[in-house]
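Asker: In terms of the numbering used here, the sequence shown has 26 at position 24, counting the first letter as 1, and numbering is strictly consecutive.
Note that the Cβ used here is the ideal one computed from N, Cα and C, for glycine as well.
Quantities reported herein were computed from a predicted structural model and do not represent experimental measurements.
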Amino acid sequence: MPLEDITISKAIITRYNQELLSALESDVAIAGGGPSGLVAAFYLAQQGAQVVLFERNLSLGGGMWGGGGMFKQIVV
Numbered sequence: 003m004p005l006e007d008i009t010i011s012k013a014i015i016t017r018y019n020q021e022l023l024s025a026l027e028s029d030v031a032i033a034g035g036g037p038s039g040l041v042a043a044f045y046l047a048q049q050g051a052q053v054v055l056f057e058r059n060l061s062l063g064g065g066m067w068g069g070g071g072m073f074k075q076i077v078v
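(1) I'd like to know whether the C-beta atoms of residue 29 and residue 52 end up nearer to each other than 7 Å.
(2) Pairing CB atoms from the segment 11–25 with CB atoms from the segment 33–43, are three or more of them under 8 Å?
(3) Nearest-angstrom Cα distance between residue 7 and residue 66?
(4) Give a yes or no on whether the C-beta atoms belonging to residue 82 and residue 62 are separated by under 7 Å.
(5) Using DSSP with H/G/I as helix, E/B as strand and the rest coil, what is residue 26?
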């Protein structure tokens, strides 16, 4: 029996909404996916917290990609 388009669309929307709703129920919200935000999210998730990370750019890492690790200690 072939699947109808409506059945597939309903399945996609249902799955997406479940993931979206689970993201709304979090223990911790972290603003920024730079080095500090990523490390904080990692350790909190390891301890069992439901973590949501918000990043305005399309990639994570912040200044790491531009050589941020080469700053002198005073700048960091």
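Answerer: From the atom records:
(1) Within the sequence shown, residue 29 is the residue found at index 27, counting from 1. Within the sequence shown, residue 52 is the residue found at index 50, counting from 1. Going by C-beta atoms, residue 29 is nearer than 7 Å to residue 52.
(2) Taking 8 Å as the limit for Cβ pairs, the verdict is that the segment 33–43 does not touch the segment 11–25.
(3) Along the sequence shown, read from residue 1 onward, the residue named residue 7 stands at position 5. Along the sequence shown, read from residue 1 onward, the residue named residue 66 stands at position 64. One C-alpha to the other measures close to 44 Å.
(4) Nothing in the structure corresponds to residue 82, since the chain is present only between 3 and 78.
(5) Indexing the sequence shown from 1 puts residue 26 at position 24. Reduced to three states, the DSSP call for residue 26 is helix.
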